[in-house]
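Each remark here refers to the structure printed beneath this line.
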DNA sequence: ATAACATATGAATTAGATTTCATATGAAAT
DNA sequence: ATTTCATATGAAATCTAATTCATATGTTAT
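Protein chains in written order, with my numbering: chain A, 1 to 100; chain B, 101 to 200.
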């Protein structure tokens, strides 16, 4: 049986912070410090997380002066999120998707 | 900012074993012991993992005599896998999606 | 060249999730 | 009713991944 290891991809969107980053960037590109400020999280924490996401090409980066602007890879990620949203709405009446 | 907590959904497909289970069930429904045998994994390990996946409605279960038959929720999961596959193929030349 | 700001990175720690092991539950057969 | 087979479950142990903290790197301005 061949089984592609997409697990790294899923791992990379599987935490609360990263999901929040994705949601935030869905509204538009942001710099690291902007993300930190909005989410109320520490800079190194955010940077570590951004790095992982960029490695999976979930995010793109570009340098702008001193800043690094991160943006969603809308091309592939948005459609995936849409499908997941559909799954959740269809099968999960609020409670189902929560941590126990 | 509203940010739905889909992270539990992603977590639930984010490990090697679970990805393997999904790939296996993509070929058709299987009982717990069949899955154990094919993957060469312990029964309780598989059961714990199946439980999580079923809680997220990624899998369905039905009782057949003594056995429990697990199957993929093809309706929503297959399309998601297809999109992820697309992402991986587009952006990741083998190396990218591997553990470091 | 140096200072100031923005971000990245390494290593230790911490936190959380997975596995393991022992045992419990449930279904069918005798 | 009891045994057997199939699966589930709880709790402890183990792993792995995320966070933290200190510091390094990189960029622009002076």
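We put the CB at the ideal spot given by N, CA and C, even for glycine.
Just so you know, these numbers come straight off a predicted model, no measurement behind them.
Are the beta-carbon atoms belonging to residue i and residue j less than 7 Å from one another?
i, j, result
"residue 49 of chain A", "residue 18 of chain A", "yes"
"residue 76 of chain A", "residue 187 of chain B", "yes"
"residue 114 of chain B", "residue 10 of chain A", "yes"
Determine, using beta carbons only, whether residue i comes closer than 7 Å to chain B.
i, result
"residue 80 of chain A", "yes"
"residue 41 of chain A", "no"
"residue 19 of chain A", "yes"
Do you know how far the Cα of residue j is from the Cα of residue i?
i, j, result
"residue 78 of chain A", "residue 146 of chain B", "32 Å"
"residue 106 of chain B", "residue 143 of chain B", "28 Å"
"residue 22 of chain A", "residue 72 of chain A", "7 Å"
"residue 127 of chain B", "residue 180 of chain B", "16 Å"
"residue 56 of chain A", "residue 151 of chain B", "28 Å"
"residue 33 of chain A", "residue 12 of chain A", "21 Å"
"residue 139 of chain B", "residue 163 of chain B", "21 Å"
"residue 58 of chain A", "residue 182 of chain B", "16 Å"
"residue 131 of chain B", "residue 24 of chain A", "41 Å"
"residue 8 of chain A", "residue 61 of chain A", "20 Å"
"residue 74 of chain A", "residue 29 of chain A", "11 Å"
Does the CB of residue i have a neighbour CB from chain A at under 7 Å?
i, result
"residue 149 of chain B", "no"
"residue 154 of chain B", "no"
"residue 191 of chain B", "yes"
"residue 132 of chain B", "no"
"residue 161 of chain B", "no"
"residue 116 of chain B", "yes"
"residue 183 of chain B", "yes"
"residue 146 of chain B", "no"
Would you kindly report the start and end of the unbroken alpha helix (DSSP H) that includes residue i?
i, result
"residue 91 of chain A", "74-91"
"residue 21 of chain A", "16-26"
"residue 36 of chain A", "32-39"
Which residue marks the beginning of the beta strand (DSSP E) containing residue i, and which one marks its end?
i, result
"residue 64 of chain A", "59-64"
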